[in-house]
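Here the working numbering is used: position 350 in the sequence shown is 360, and no number is missing along the way. Step one of this worksheet: look at the structure below.
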Amino acid sequence: MTSSEIDPVTKIKSFPLHLRETMQLAFPVIVGQLGIILMGVVDNAMVGRIGYYPLAASSLANGIFFLIFVIGMGVTYAVSPIVANAVGSGKAEQYGNILKQALAINVFIGILLGIITYFSAELLHLMHQKEKVVEYAIPYLRILSFSIPMMMTFLTYKHFLEGMSIMRPAMIIVLVANLVNVFGNYCLIYGNFGFPRLELNGAGISTLSSRFFMMCMLIYFLNQNLRVKKYRPNLLHYKIDWKVTKEILALGLPSGVQYFFEVGAFFLTAIMIGWFGARQLAAHQIALSIASITYMMVVGISAAAAIRVAKFVGEGNKVETQRAGLSALMLAAGFMSLCGILFFLTNNLLPELYINNPDVKIIAASLILIAAFFQIFDGVQCVGLGILRGISDVKYPTAVTFIAYWIVGIPLGALLAFNFGLNVQGIWIGLSVGLATSASLLSLRFMKKTKT
């Protein structure tokens, strides 16, 4: 850090310094998020080799899984800004209690959501999908349902550590878990090394095993690391702290609803796309899987921005709060612009990584081209949610996500697809407009809330 990067009079950091600090904090999170999404990408690529029906089933099952799981995931996101705010306020004595309360809440929610996911598998029969796709999807979804409490536990520990700016352990664990998942897929999908050939169910068992590994390894780290093991929770002597519990739920539940509206919109589009056929649904899964890579990377920027913003809020520094948020928006817009260019140049090549069917590859290439144009909006709206969560503004973003996807995006997509004959591409265009709406409204809201 140089003296030119901090104003000597106001002590305000320059934008380049904010960009660098956000990137330094975000990089391990980005790698970790990339590792999480790569599990799904690898699953899709390896499942796609056994046919487009299992790939379409994977799309359908994962749609329901994330539609339910994302509510709990949103609650876990409350942990890092609450911890970061305590760090900024100098209240280290609160860290352990925050973790204990968050873990009790999130494990309970995880078990509840796992039960709901397991029994919701039967609803697949009511969605007017190809029967063969449904036959593959039901047992796969039930296997994944057992991983929800594991992921809720992992994410609670992960966000607690991130709130203290300890980013690398979760990143390393996720990267190793990818190797566990690939090996499990190779054994169980195709029946190698003497294992039974379980195809899509094999991918589900492998994913379940890798998530169990992630949870166990992060718990082990927290219990062994000298800096943080003093905060490890003893749930045998658990007592509800209603103040902390209410703070977690007040910040976390609206965040979960925000993600529910977003994931729900994409799930509904998968249902509508399934009405066109299994090839279209498989193409949608390929394009969505690719677009999810860049999205999950920008989630890392969003998480880092939420932590930095919350820390400045804890310090009572409104100017730096705004600069931290704006620098994160700029970083996301720049990164996603580059990703859009890359998608535009390689849209015909990327589907080759997933499947050999020429019809599926053509449809997927057209969807990746649309994804190239909405990248910048996807990045800005993702970071917008994070920085608003950092200033504990969650009700307005919840309304924005509902309006952007369910009032604007889905109706427009359905109109273009079914009334104007644009089919799958029309649905994706509608979602693009929804993303643009969300990005604009969230950015303006942050500017208004942090105006000095």
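Glycine is no exception: its CB is placed at the ideal position from the N, C-alpha and C atoms.
Classification of residue 72 by the beta-carbon crowding that lies within 10 angstroms, buried from 16 upward: Classification of residue 72: buried, given that the 10 Å Cβ count is 16 or more.
Nearest to residue 394 (by Cα), restricted to the options 148, 269 and 289: Here the closest residue by C-alpha is 269.
Contained beta strand (DSSP E) runs [length at least 3] in the region 245-310, N- to C-terminal order: Within the region 245-310, no complete beta strand (DSSP E) run reaches 3 residues.
Ignoring anything shorter than 4 residues or poking outside the region 63-118, list the alpha helix (DSSP H) runs there in chain order. As far as the region 63-118 is concerned, its whole alpha helix (DSSP H) runs of at least 4 residues are 89-99.
Would you kindly check if the distance between the Cβ of residue 291 and the Cβ of residue 276 is under 8 Å? Taking the C-beta atoms as reference points, residue 291 is found no nearer than 8 Å to residue 276.
Residue 426 to residue 145, Cα distance in whole Å? Residue 426 and residue 145: Cα-Cα distance of roughly 30 Å.
Would you kindly check if the distance between the Cβ of residue 143 and the Cβ of residue 286 is under 8 Å? The Cβ atoms of residue 286 and residue 143 lie no closer than 8 Å to each other.
Could you name the residues that DSSP lists as bridge partners for residue 458? Residue 458 pairs with nothing; no bridge assigned.
Cβ neighbour criterion (16 or more within 10 Å) applied to residue 87: Looking at its Cβ environment, which holds 16 or more other Cβ atoms inside 10 Å, residue 87 is buried.
Three-pair Cβ contact test at 8 Å for the region 28-35 versus the region 330-348: Contact between the region 28-35 and the region 330-348 is present: 3 or more CB-CB pairs across the two stretches fall below 8 Å.
Would a C-beta distance cut-off of 8 Å place residue 228 and residue 128 closer than the cut-off? The answer is no: Cβ separation not under 8 Å.
Measure the Cβ-Cβ separation of residue 90 and residue 138 and say whether it is below 8 Å. The beta carbons of residue 90 and residue 138 sit no closer together than 8 Å.
Start and end residues, alpha helix (DSSP H) containing residue 177: No alpha helix (DSSP H) holds residue 177; DSSP gives it neither H nor E.
Terminal residues of the alpha helix (DSSP H) in which residue 364 lies: Unbroken run through residue 364: none, as it is neither H nor E.
Identify which residue in 259, 272 and 238 has its Cα closest to the Cα of residue 118. Checking every option, the nearest Cα to that of residue 118 belongs to 259.
With 16 other Cβ atoms within 10 Å as the buried cut-off, status of residue 141: Looking at its Cβ environment, which holds fewer than 16 other Cβ atoms inside 10 Å, residue 141 is exposed.
Contacts around residue 41, its chain only, beta-carbon distance under 6 Å, and the 5 residues preceding and following it disregarded: Cβ neighbours of residue 41 beyond the five flanking positions: 181.
Do three or more CB pairs link the region 240-250 to the region 105-121 at distances below 8 Å? Touching, yes.
Here's the rule: buried if 16 or more other CB atoms are within 10 angstroms of the residue's CB, otherwise exposed. What is residue 461? By the 10 Å Cβ count, residue 461 comes out exposed.
Would you mind reading off the limits of the alpha helix (DSSP H) that contains residue 236? Looking at the DSSP string, residue 236 is not in any alpha helix (DSSP H), and its letter there is neither H nor E.
Could you check whether residue 38 and residue 177 sit closer than 8 Å to each other, using their CB atoms as the reference points? In this structure, residue 38 lies closer than 8 Å to residue 177 by Cβ.
Using the Cα positions of residue 101 and residue 332, report the straight-line distance between them to the nearest angstrom. Spanning the two alpha carbons is a distance of roughly 23 Å.
Please name the residue in 179, 150 and 205 whose C-alpha comes closest to that of residue 164. Here the closest residue by C-alpha is 179.
Is residue 168 helix, strand or coil when you go by DSSP? Note: residue 168 maps to helix in three-state DSSP.
Beta strand (DSSP E) runs wholly inside the region 191-237, at least 3 long, in chain order: If we require 3 residues or more, the region 191-237 turns out to have no beta strand (DSSP E) run fully inside it.
Which of helix, strand or coil does DSSP assign to residue 23? Here residue 23 sits in strand by DSSP.
In chain order, what residues of the same chain have a beta carbon less than 7 Å from the beta carbon of residue 257, not counting five sequence neighbours either side? Excluding sequence neighbours, residue 257 sits near 92.
For residue 230, count the other beta carbons within 10 Å of its own beta carbon; 16 or more makes it buried, fewer makes it exposed. Which is it? Burial call: exposed.
Based on Cα-Cα distance, which residue from 305, 154 and 123 lies nearest to residue 386? The candidate whose alpha carbon is nearest that of residue 386 is 305.
What's the call for residue 17, buried or exposed, on a 16-neighbour Cβ count within 10 Å? In this prediction, residue 17 has a pLDDT of 49, which is less than 50 and means its spatial position is unreliable; nothing more can be read from the coordinates.
Whole-Å CB distance - residue 278 paired with residue 126, under 8 Å assumed: Under the criterion of beta carbons closer than 8 Å, residue 278 and residue 126 do not qualify as touching, at roughly 18 Å.
Reducing DSSP to helix, strand and coil, say where residue 429 ends up. The answer is helix: DSSP assigns residue 429 an H, G or I state.
Where does residue 52 fall in DSSP's three states? Residue 52 falls in the helix class under three-state DSSP.
Distance CB(residue 123)-CB(residue 158) smaller than 8 Å: Using a Cβ distance threshold of 8 Å, residue 123 and residue 158 count as a contacting pair.
Checking 8 Å against the spacing of the C-beta atoms, do residue 264 and residue 408 come in under that value? Yes, they are a contact pair.
Candidates 423, 370 and 114: which alpha carbon is nearest residue 252's? For residue 252, the closest alpha carbon among the candidates 423, 370 and 114 is that of 114.
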